[in-house]
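Data first, discussion second: the structure below is written as structure tokens.
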Amino acid sequence: LAKTTQPISMDSYEGQEVNITCSHNNIATNDYITWYQQFPSQGPRFIIQGYKTKVTNEVASLFIPADRKSSTLSLPRVSLSDTAVYYCLVGIYSGAGSYQLTFGKGTKLSVIP
Amino acid sequence: DGGITQSPKYLFRKEGQNVTLSCEQNLNHDAMYWYRQDPGQGLRLIYYSQIVNDFQKGDIAEGYSVSREKKESFPLTVTSAQKNPTAFYLCASSYTGTSDEQFFGPGTRLTVL
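Heads up: the sequence lines are chains A and B, in that order.
Counting along the first sequence from 1, when you hit position 45 you're at 45 in the numbering used here, and nothing is skipped either side.
Counting along the second sequence from 1, when you hit position 10 you're at 10 in the numbering used here, and nothing is skipped either side.
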């Protein structure tokens, strides 16, 4: 079972870039990292997924360094509506097309006006 | 309107009773999942299914049972053997398997009295 570690909480002012790091046992090239966002009393929502180096979409970037012992979710110019809990998910390939899934315990991001 | 529905949103049960949580999806996804969420603990995988009539135990399957008789439906039964059943339960689905983006339902909050 993969072990993941995230900061419990972070604060940021509106308009700033926020970087949230997830540390994990070094993962193999077949393994992936996904980040989800969750608001209170709702199900999580997909943000971004990657296997290596850097992935960018319209809302975030994901950086996975060469040693693959961590990954960083980057949110550009956060707004108050980005206040939520952010979870990293590590998918470790277990053969036959399946992955063992381990979620981190979440990082509560508070955006301050 | 495609998505995942979970019912009911809140559920109360007396200690010693079994209870079944409903999860339905109309996204035509092959894979479905059940997670348990406790405060400060992130999401922990209970069971998952990648195809009809087949399912696999996750990290905390003891005291739970599932069935997957139809592609659209993946009910979870919390049995009286589950020692600490009070939690927020989340159902999710993904297109094919465990490397795909997961779409989550709104969750069911179970309280055992």
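We treat Cβ as the ideally placed atom computed from N, Cα and C, and that holds for glycine.
It should be emphasised that the depicted structure is a prediction, and the values quoted were computed from it without experimental measurement.
Is residue i buried or exposed, if buried means 16 or more other CB atoms sit within 10 Å of its CB?
i       : result
T98(B)  : buried
V59(A)  : exposed
P85(B)  : buried
T5(B)   : exposed
R77(A)  : exposed
G40(B)  : exposed
Y32(A)  : buried
L113(B) : exposed
A84(A)  : buried
I47(A)  : buried
Using alpha carbons as the reference points, say which of the options lies closest to residue i.
i       : options                           : result
Y63(B)  : F103(B), S7(B), Q17(B)            : The sequence shown places Gly at residue 63(B), not Tyr. Ranking the options by Cα distance to G63(B), first place goes to Q17(B).
L109(A) : Y32(A), S81(A), S23(A)            : S81(A)
V111(A) : V85(A), P7(A), S79(A)             : S79(A)
F103(A) : L113(B), L110(B), T108(B), R36(B) : R36(B)
T21(A)  : Y86(A), K52(A), I92(A), S12(A)    : Y86(A)
G107(B) : C88(A), F39(A), T83(A), S9(A)     : F39(A)
Y95(B)  : D59(B), D30(B), E15(B), R13(B)    : D30(B)
K70(B)  : F55(B), G105(B), K83(B), T111(B)  : F55(B)
Which residues does DSSP pair with residue i in a beta bridge?
i       : result
L110(B) : L11(B), A87(B)
F104(B) : A92(B)
A84(A)  : L109(A)
V90(A)  : I33(A), T102(A)
G50(A)  : I33(A)
E24(B)  : T5(B), S73(B)
N19(A)  : S74(A)
Strictly under 9 angstroms for the Cβ-Cβ distance: is residue i near chain E by that measure?
i     : result
P7(A) : Absent from the structure is chain E; the protein chains it does hold are A and B.
So which residues of chain A does residue i contact, with C-beta pairs closer than 7 angstroms?
i      : result
L90(B) : G43
Could you work out which residues of chain B lie near residue i, taking near to mean beta carbons separated by less than 9 angstroms?
i      : result
Q16(A) : Going along chain B, no residue has its Cβ under 9 angstroms from Q16(A), so there is no contact; the nearest lies around 25 angstroms.
F46(A) : E101, Q102, F103, F104
Going along chain B, which residues have a C-beta under 7 angstroms from residue i?
i       : result
L101(A) : L45, T98
G97(A)  : G97
Y32(A)  : S99
Strictly below 8 angstroms CB to CB, what residues from chain A border residue i?
i       : result
Q41(B)  : K105
G107(B) : S41, Q42, G43
Taking three-plus beta-carbon pairs below 8 angstroms as touching, is the segment 42-52 of chain A in contact with the segment 88-104 of chain B?
-> yes
Examine the Cβ distances between the segment 68-75 of chain A and the segment 21-40 of chain B and report whether three or more of them are shorter than 8 angstroms.
-> no
Touch test, the segment 98-107 of chain B against the segment 87-103 of chain A, Cβ-Cβ under 8 angstroms, three pairs minimum | yes
Taking three-plus beta-carbon pairs below 8 angstroms as touching, is the segment 49-57 of chain B in contact with the segment 101-112 of chain B?
-> no
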